[in-house]
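**Q**
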Amino acid sequence: VALDRAERNIKRCDLIIDELLNYSRVKALALDPTALDDWIRDILDETKPPKGITVKTDLNAAASINIDRERFRQTIVNILTNAYQAIEEKTSEEPGNVLISTFNEKDKIFIKISDNGVGFDMAVKSKLYEPLFSTKAFGVGLGLSITRQIIEQHGFKMDMHGEPGKGASVTITIPVEVIE
Numbered sequence: 141v142a143l144d145r146a147e148r149n150i151k152r153c154d155l156i157i158d159e160l161l162n163y164s165r166v167k168a169l170a171l172d173p174t175a176l177d178d179w180i181r182d183i184l185d186e187t188k189p190p191k192g193i194t195v196k197t198d199l200n201a202a203a204s205i206n207i208d209r210e211r212f213r214q215t216i217v218n219i220l221t222n223a224y225q226a227i228e229e230k231t232s233e234e235p236g237n238v239l240i241s242t243f244n245e246k247d248k249i250f251i252k253i254s255d256n257g258v259g260f261d262m263a264v265k266s267k268l269y270e271p272l273f274s275t276k277a278f279g280v281g282l283g284l285s286i287t288r289q290i291i292e293q294h295g296f297k298m299d300m301h302g303e304p305g306k307g308a309s310v311t312i313t314i315p316v317e318v319i320e
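According to the working numbering, the residues represented by the sequence shown are 141 to 320, in order.
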């Protein structure tokens, strides 16, 4: 039992070190024109949600954007992981749902990921992006910091909304200048 606990703690320390290194190393982007809707479908095909969570899509951007596919993939996976964890923390018997949508509006493209998890109090919203801040008991507190860093490096914007017990949503705004 003590050995198992030590092994779990070592893995957790490795994760913290890896995330700190990822946060501190800002790499140059390798931009490629990417069909956004198809690219998101590919990510969802590769990353299955935990049992009891349904992921639905409403992908209507129908646009190609310039992104560093691997780095930007990390942002989508981080947001999805947070959504899955928020749903798993919920104590109700309500089925877990995540909705990923893409759409165009005026001169922007939006990616929105919403969940019906535990949500968050808007009073902590500004702290969610701070390195090492986490609302989770065993959270490292770097996932959203890294996610925001990558999004801003692309010239995009990220906004979060949440309500305790009702879920959360993350919206990524992509300006027309980076659309292929």
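Glycine residues also receive a C-beta, built at the ideal position from the N, C-alpha and C atoms.
Alpha helix (DSSP H) containing L220: first to last residue?
**A** Note, L220: alpha helix (DSSP H), R209 to E229.
**Q** Could you give the DSSP three-state label for L176: helix, strand or coil?
**A** Reduced to three states, the DSSP call for L176 is helix.
**Q** What did DSSP end up calling K246 once you bin it into helix, strand or coil?
**A** Here K246 sits in coil by DSSP.
**Q** If you draw a straight line from the alpha carbon of A203 to that of E147, how long is it in whole angstroms?
**A** For A203 and E147, the distance between alpha carbons rounds to 46 Å.
**Q** Measure the Cβ-Cβ separation of F250 and G302 and say whether it is below 7 Å.
**A** Against a cut-off of 7 Å, the Cβ pair of G302 and F250 comes out as no contact.
**Q** For S241 and K188, what's the separation of their Cα atoms in angstroms?
**A** Approximately 17 Å between the Cα atoms of the pair.
**Q** Sort Q293, K306 and K246 by Cα distance to A104 and report the nearest one.
**A** Given a span of 141 to 320 for the chain in the structure shown, any question on residue 104 remains unanswerable.
**Q** Excluding the 5 residues preceding and the 5 following Y224 in the sequence, name in chain order all residues of the same chain whose CB lies nearer than 7 Å to its CB.
**A** So the list reads P189, P190 and I193, once near-sequence residues are dropped.
**Q** Starting from the C-beta of V238, find all residues in its chain whose C-beta is less than 6 Å away, skip the five residues before and the five after it, and write them out in chain order.
**A** Once the five neighbours on either side are set aside, the close Cβ partners of V238 are V195, A223 and D255.
**Q** On the three-state DSSP scale, how would you describe V258?
**A** Coil.
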